[in-house]
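Everything on this sheet refers to the single structure shown next.
Right, here's the structure in full:
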């Protein structure tokens, strides 16, 4: 059966977020009944063909390889922007937390996948202000912030690539990523080597820089970047209006669902010990590098529009983001054996062997139009041959290429 538009729906949530999620526009048409044959005919390299069935089964098998599946998890696989496969498993809340199923429609803290969306907003605003990623951030910082050594030479790209040389840690988020923490970081200045060092502060700074860039555009709202609450609000407002609203995704934010129904975060062993899960409250005060609460289907929709349209970024902006891996994971050339792969990981844990937390990963495989989302509300899952969720997806994809 042919379809010009592929739709799926989001049920009523605590935020009353109801909408039809239009995954593709009229140009993305295909015969779903012949999908596997179509994939096998098109996706051929070095006499091998890609099997969507095998890729999907690999994902399931590789996540369950250790016999300790996540407490709750879901995946989506799309082809050329069209949702092709998806499923959900387990619990968003265990019996210890008033049991609730995990579904494709259930919000989860996506952690550092947020950085990918922040990078999209940065690309939009740089072009709107006639700037490039090489331009300096100095003049866009609050006037009442003291700028330490080297800050005057920091570029937007330095932050987007985690090559700032700023001093920070990836702990104590309320302190290090809060407004005062950002101000203190800039005052300390560039005190480390400007080589890649993954720091959440690099993207948390965009919670201030995005409103600042927006404030210089005609018809922008009144914005005070010297006010913590205002920068929080304006960052979230820009993201909503210029990313999520464009895709008919209302009320996407950094505040979880109601406390009584929100996803809880576990260690994989918590179901056996009847241990209560961890609750993540609002991330408004530390957003930019993490903290959005979204569903797997919403994440898949952003992948589709980023990769297959110019609704969010232009062709040139998308190419630049991929070239420099802006807001993305670094390249892993040894594993990219069927073209270049692009994606972003997210993970939050409490540390230690019984760490509770979340893991999320998006990956795009442009060579054959495949992209994938996996989210899980658990730490400590034994994956096949790797501890990296990204590596596991790469393995599942590479192992899905077979002889015809």
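Residue numbers (my numbering): 1333 to 1736. The beta-carbon is built from N, C-alpha and C at its ideal position, and this holds for glycine as well.
Based on DSSP bridge pairs, tell me the residues matched to residue i.
| i | result |
| --- | --- |
| residue 1498 | 1522 |
| residue 1571 | Beta-bridge pairing links residue 1571 to no other residue. |
| residue 1733 | 1382 |
| residue 1704 | 1409 and 1695 |
| residue 1617 | Bridge partners of residue 1617: none, in fact. |
| residue 1415 | 1410 |
| residue 1421 | 1405 |
| residue 1715 | 1718 |
| residue 1677 | 1693 |
| residue 1487 | 1468 |
| residue 1610 | 1597 |
| residue 1585 | 1625 |
| residue 1710 | 1598 |
| residue 1452 | Answer is none; residue 1452 lacks a bridge partner. |
| residue 1432 | 1425 |
| residue 1669 | 1671 |
Leaving aside the five residues before and after residue i along the sequence, list all residues of the same chain whose C-beta is less than 7 Å from its C-beta, in chain order.
| i | result |
| --- | --- |
| residue 1644 | 1452, 1575, 1578, 1637 and 1638 |
| residue 1618 | 1505, 1506, 1509, 1510 and 1536 |
| residue 1432 | 1423, 1424, 1425 and 1593 |
| residue 1502 | 1531 and 1532 |
| residue 1732 | 1382, 1383, 1386, 1387 and 1390 |
| residue 1722 | 1661, 1675, 1677, 1693 and 1695 |
| residue 1687 | 1599, 1681, 1711 and 1712 |
Please go through the same chain and pick out, in chain order, the residues whose beta-carbon is closer than 6 Å to the beta-carbon of residue i, but skip the five residues on each side of it.
| i | result |
| --- | --- |
| residue 1544 | 1472 and 1557 |
| residue 1542 | 1453, 1567 and 1570 |
| residue 1521 | 1480, 1481, 1482 and 1483 |
| residue 1372 | Note on residue 1372: pLDDT 43, under 50, position unreliable in the model; the coordinate value appears next. Answer for residue 1372: 1381, listed in chain order. |
| residue 1581 | 1630 |
| residue 1435 | 1420 |
| residue 1718 | 1724 |
| residue 1474 | 1557 and 1558 |
| residue 1404 | 1422, 1423, 1424, 1434 and 1709 |
How many angstroms separate the CA atom of residue i from the CA atom of residue j?
| i | j | result |
| --- | --- | --- |
| residue 1727 | residue 1667 | 8 Å |
| residue 1332 | residue 1417 | The structure shown does not extend to residue 1332, since the chain spans only 1333 to 1736, so no value can be given for it. |
| residue 1621 | residue 1443 | 8 Å |
| residue 1456 | residue 1607 | 44 Å |
| residue 1550 | residue 1716 | 52 Å |
| residue 1649 | residue 1655 | 10 Å |
| residue 1485 | residue 1657 | 21 Å |
| residue 1647 | residue 1720 | 30 Å |
| residue 1388 | residue 1734 | 14 Å |
| residue 1326 | residue 1413 | This structure cannot settle anything about residue 1326, because the visible part of the chain is limited to 1333 through 1736. |
| residue 1463 | residue 1548 | 12 Å |
| residue 1651 | residue 1665 | 17 Å |
| residue 1642 | residue 1653 | 13 Å |
| residue 1430 | residue 1467 | 51 Å |
| residue 1552 | residue 1616 | 21 Å |
| residue 1663 | residue 1564 | 31 Å |
| residue 1487 | residue 1534 | 11 Å |
| residue 1673 | residue 1602 | 34 Å |
| residue 1411 | residue 1595 | 28 Å |
| residue 1379 | residue 1736 | 7 Å |
| residue 1465 | residue 1538 | 13 Å |
| residue 1640 | residue 1671 | 17 Å |
| residue 1415 | residue 1703 | 9 Å |
| residue 1554 | residue 1408 | 39 Å |
| residue 1684 | residue 1459 | 43 Å |
| residue 1497 | residue 1512 | 19 Å |
Could you tell me how far apart the beta carbons of residue i and residue j are, in whole angstroms, since I believe they sit closer than 8 Å?
| i | j | result |
| --- | --- | --- |
| residue 1635 | residue 1382 | Not quite, the Cβ-Cβ distance comes to about 18 Å (not below 8 Å), so this is no contact. |
| residue 1612 | residue 1597 | 7 Å |
| residue 1707 | residue 1632 | That pair is no contact at about 10 Å. |
| residue 1689 | residue 1610 | 7 Å |
Between the options, which has its C-alpha nearest residue i's C-alpha?
| i | options | result |
| --- | --- | --- |
| residue 1420 | 1392, 1447, 1429 and 1446 | 1392 |
| residue 1572 | 1564, 1584 and 1562 | 1584 |
| residue 1518 | 1540, 1676, 1586 and 1648 | 1540 |
| residue 1406 | 1663, 1710 and 1688 | 1710 |
| residue 1440 | 1458, 1459, 1548 and 1589 | 1589 |
| residue 1477 | 1524, 1514 and 1494 | 1514 |
| residue 1614 | 1724, 1448, 1718 and 1587 | 1587 |
| residue 1470 | 1460, 1489 and 1459 | 1489 |
| residue 1499 | 1461, 1524, 1491 and 1627 | 1524 |
| residue 1495 | 1689, 1669, 1659 and 1559 | 1659 |
| residue 1739 | 1610, 1475, 1680 and 1685 | Nothing about residue 1739 can be reported from this structure: the residues present for the chain run from 1333 to 1736 only. |
| residue 1526 | 1491, 1553, 1538 and 1512 | 1491 |
| residue 1604 | 1411, 1497, 1428 and 1554 | 1428 |
| residue 1438 | 1702, 1627, 1684 and 1632 | 1627 |
Closer than 8 Å by C-beta to residue i: which residues in its own chain qualify, once you throw out the five before and the five after it? Chain order, please.
| i | result |
| --- | --- |
| residue 1713 | 1395, 1398, 1400, 1401, 1402, 1600 and 1691 |
| residue 1669 | 1730 |
| residue 1461 | 1545, 1548 and 1549 |
| residue 1449 | 1571, 1575, 1624, 1634 and 1659 |
| residue 1493 | 1528, 1656, 1657 and 1658 |
| residue 1369 | Because the pLDDT of residue 1369 is 39, which lies under 50, any placement of that residue in the model is unreliable, and the question is left without a value. |
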